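Read the structure below first, then the notes.
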Amino acid sequence: MLTQIQVIIEIVLSLFLLMGIVYSFYLSRILSNLKHDRASLIGLVDKLEASVKSAEEGVEKLRIAGEVSGRPLSRIIELARITGTELDTVVDKADAMAHRLESLTMKALPHERKLQRLLEEAEEVGIEATPHTASPELPAEPTTMETPPIDPTAHTEPQQPDVAPSLADARETEKPTPADHSAGGEPLAWAPDKKEAIAPPAARKRQPPDAKAPPTGQNQPKDSSNQILLSDGQKSRRLKRLEKTFLGR
Numbered sequence: 001m002l003t004q005i006q007v008i009i010e011i012v013l014s015l016f017l018l019m020g021i022v023y024s025f026y027l028s029r030i031l032s033n034l035k036h037d038r039a040s041l042i043g044l045v046d047k048l049e050a051s052v053k054s055a056e057e058g059v060e061k062l063r064i065a066g067e068v069s070g071r072p073l074s075r076i077i078e079l080a081r082i083t084g085t086e087l088d089t090v091v092d093k094a095d096a097m098a099h100r101l102e103s104l105t106m107k108a109l110p111h112e113r114k115l116q117r118l119l120e121e122a123e124e125v126g127i128e129a130t131p132h133t134a135s136p137e138l139p140a141e142p143t144t145m146e147t148p149p150i151d152p153t154a155h156t157e158p159q160q161p162d163v164a165p166s167l168a169d170a171r172e173t174e175k176p177t178p179a180d181h182s183a184g185g186e187p188l189a190w191a192p193d194k195k196e197a198i199a200p201p202a203a204r205k206r207q208p209p210d211a212k213a214p215p216t217g218q219n220q221p222k223d224s225s226n227q228i229l230l231s232d233g234q235k236s237r238r239l240k241r242l243e244k245t246f247l248g249r
């Protein structure tokens, strides 16, 4: 009985010993794996430390670069702000000038219309005065023309005044037609070459020698030409005054 118990105990102990040996092999293998993992972990830690150091160095370099480049960048930003404010002021001034120009153009429209009317009136006055204006040889201001004394004993033809062709045209407009009559009721003869009316022989016999005078058309054109020149000078002065007042406004 004791022998059987001892055999059973030895068998159990041998089983436990075998299990311990197997477990020790298993633990040694696990420990070897852990040692290998530890070495890899240590390598990873070293690599992490190196990367951390390089990251710190990069951060330092970036900080230095930021400080170096930040100063001109800050200056550029400040200049951009200043230029922005200046551009805003310039834009405001441009808007004000645009509004002012618009208002000035609106105000200038009636003046432009007035000037156009004045120019049209001046052109009309110039067109009306062209047949009566004096030649360029005459002075701008009208001068009084003195007639020479008439000799009643002289039988020569009356001297025609030296006037411009425009005054001669004015006299041509005032020439009597063949239907005109003299003071005696007889028709006057028309002489186109001398540009004056010649009385018939009967009317000439009735006139006394003392009453011989130049034709009626000699002095009248002078007065009419003087009046035309005066009216043209007054019109030109009036136009100049109107232009000066318009330009002054």
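Mapping the sequence shown onto UniProt numbering, position 183 (from 1) lands on 183, and the numbers just tick up by one.
Backbone N, C-alpha and C define an ideal beta-carbon position, used for all residues, glycine too.
Predicted model, so just to flag it, every value in this text is computed and none were measured.
Looking only at its chain, what residues have a beta carbon closer than 6 Å to the beta carbon of Glu-243, apart from the 5 residues adjacent to it on each side?
For Glu-243, where only same-chain residues beyond five positions count, there are no Cβ hits under 6 Å.
Can you grab the Cα-Cα spacing for the pair Glu-78 / Arg-241, in whole Å?
Roughly 59 Å separates the two Cα atoms.
Taking 8 Å as the cut-off, decide whether the C-beta atoms of Ala-94 and Leu-239 are in contact.
Ala-94 is not a Cβ neighbour of Leu-239, given a cutoff of 8 Å.
Spatially closest choice to Ile-127 from Phe-246, Ser-236, Ser-14, by CA coordinates
Comparing alpha carbon positions, the residue from Phe-246, Ser-236, Ser-14 closest to Ile-127 is Ser-236.
If distances are taken between C-alpha atoms only, which option among Gly-20, Arg-113, Val-125, Gln-234 comes closest to Phe-246?
Selected option, being the one with the closest Cα: Arg-113.
Inter-residue Cα distance where the pair is Glu-49 and Leu-31:
Looking at the backbone, the Cα of Glu-49 and that of Leu-31 are separated by about 26 Å.
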